[in-house]
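Worksheet: one structure, shown below.
Residue numbers (the working numbering), protein chains in the order written: chain S, -12 to 72; chain Y, 6 to 227.
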């Protein structure tokens, strides 16, 4: 397996949707190609850091206000009928 | 090294019951759906619009649209996937209104092919995120993802932050599965490349003498 082929399979590999023989080839490639190993490892870390980052959490007070506003608008919509949106 | 672990799926067994009750006019059931997904919709909206007020508007508009079109929801997909599709469309509309000079489209990305090829191969510190305070880290992550085209960051957020499957992401964005996979790969590689600047091991020469160091600095190219 060449580095470019490894790169094409990277997303499937990280997502765990890869057939067994490709996985064996890929892990064999990773065992000797340090650059691909680093790319794979740091890509995985990238995903984990974003997933665990709690970026753009909705604060409780804003959340409450938004929910009230949504339900109020929904009730107005119900009273006015389906033409209002 | 193996596959990344996905977040636990939300229980969907009673989602359909809530949707059906809401369709029958039970507003408390709809409110429960709001409560269940408002955080996700807000996060997705802010990732796309990059603006908190816009994200607040998107949350309200998306839920109101879902409410008023609930009768049209066919129950062939998960309610959440349908809701995400509405929210993504609302968020993209906001972005188009704000940046009419830029084409904002989920199809825009082909020209950036070469950006995805790894150039920096330096390894990262063992726990790179611990080098920064929470606030610094959030700024780094936020600035970094802002630099991606909207079509890339939307796919990344749905797949990797929100944990939608490739198929669900494709359905929510009206893209093919191969298109989602290709964008996801490029989004992941571009983010990795950009984060490397902040997270790579110090003193690891690797022929890279850039000295832009570890300060969060407007990395976005928008």
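Glycine included, every Cβ here is placed at the ideal spot set by N, Cα and C.
### Task
Rounded to whole angstroms, what's the CA-CA distance from residue 152 of chain Y to residue 5 of chain S? Just pull it up for me.
30 Å
#### Entry: Rounded C-alpha distance that separates residue 23 of chain Y from residue 61 of chain S
16 Å
### Task
Check the Cβ-Cβ distances between residue 212 of chain Y and every residue of chain S, and say whether any is below 7 Å.
Its pLDDT being 41, under 50, residue 212 of chain Y is placed unreliably in this model, and the value from its coordinates should be taken loosely. No - not a single Cβ of chain S is within 7 Å of the one on residue 212 of chain Y.
### Task
Please go through the same chain and pick out, in chain order, the residues whose beta-carbon is closer than 7 Å to the beta-carbon of residue 91 of chain Y, but skip the five residues on each side of it.
67, 70, 71
### Task
Identify the contact partners of residue 32 of chain Y in chain S, using a Cβ-Cβ distance below 9 Å as the criterion.
58, 61, 62, 65
### Task
Determine the closest residue to residue -3 of chain S out of Y:20, Y:19, Y:8, Y:98, with distance taken between C-alpha atoms.
Y:8
### Query
In chain S, which residues lie less than 7 Å from residue 72 of chain Y when you measure between Cβ atoms?
61, 64
### Query
Out of curiosity, what's the CA-to-CA distance linking residue 54 of chain Y and residue 47 of chain Y?
10 Å
### Query
Going by C-alpha distance, which of S:34, S:10, S:58 is nearest residue 43 of chain Y?
S:58
### CB-CB length for residue 0 of chain S against residue -11 of chain S, believed under 8 Å
With 8 Å as the limit, residue 0 of chain S and residue -11 of chain S do not qualify as a contact, their Cβ atoms being about 15 Å apart.
#### Entry: Exposed unless 16 or more other CB atoms sit within 10 angstroms - verdict on residue 42 of chain S
buried
### Query
Any residues in the segment 19 to 40 of chain S with a beta carbon nearer than 7 Å to a beta carbon of chain Y? Which ones, in chain order?
22, 25, 26, 27, 28, 29, 30, 31, 32, 33, 34, 35, 36, 37, 38, 40
### Query
Taking Cβ positions only, does residue -2 of chain S come closer than 7 Å to chain Y?
yes
### Query
Quick one: Cα of residue 37 of chain S to Cα of residue 159 of chain Y, how far?
13 Å
### Message
Taking the straight line between their C-alpha atoms, what separation do you get for residue 25 of chain Y and residue 184 of chain Y?
### Response
33 Å
### Message
Check whether the segment 82 to 96 of chain Y and the segment 170 to 177 of chain Y touch, using three or more Cβ-Cβ pairs below 8 Å as the test.
### Response
yes
### Query
Is any beta-carbon of chain Y found at less than 7 Å from that of residue 51 of chain S?
no
### Task
Count the other CB atoms, across all protein chains shown, that sit within 10 Å of the CB of residue 187 of chain Y; report buried if there are 16 or more and exposed otherwise.
buried
### Message
Rounded to the nearest angstrom, what separates residue 198 of chain Y and residue 31 of chain S at their Cα positions?
### Response
12 Å
### Query
Among residues of its own chain, excluding the 5 on either side of residue 53 of chain S, which ones have a beta-carbon nearer than 7 Å to its beta-carbon?
none
#### Entry: Local Cβ density within 10 Å of residue 46 of chain S, reported as buried at 16 or more and exposed below that
exposed
### Straight-line Cα distance separating residue 138 of chain Y from residue 104 of chain Y
32 Å
### Task
Along the alpha helix (DSSP H) that carries residue 155 of chain Y, what are the first and last residues, could you check?
155 to 161
### Query
Taking residue 99 of chain Y as the reference, which of Y:196, Y:132, Y:73, Y:59 has the closest Cα?
Y:59
### Message
Within 7 Å of any Cβ in chain S, is that where the Cβ of residue 165 of chain Y sits?
### Response
yes
### Message
Checking the sheet assignment: what are the DSSP bridge partners for residue 205 of chain Y?
### Response
Y:129
### Query
Would a check of beta-carbon distances place residue 90 of chain Y closer than 7 Å to chain S?
no
### Task
Kindly give me the distance between the Cβ atoms of residue 84 of chain Y and residue 20 of chain Y, rounded to whole angstroms, as I take these residues to be in contact under 8 Å.
6 Å
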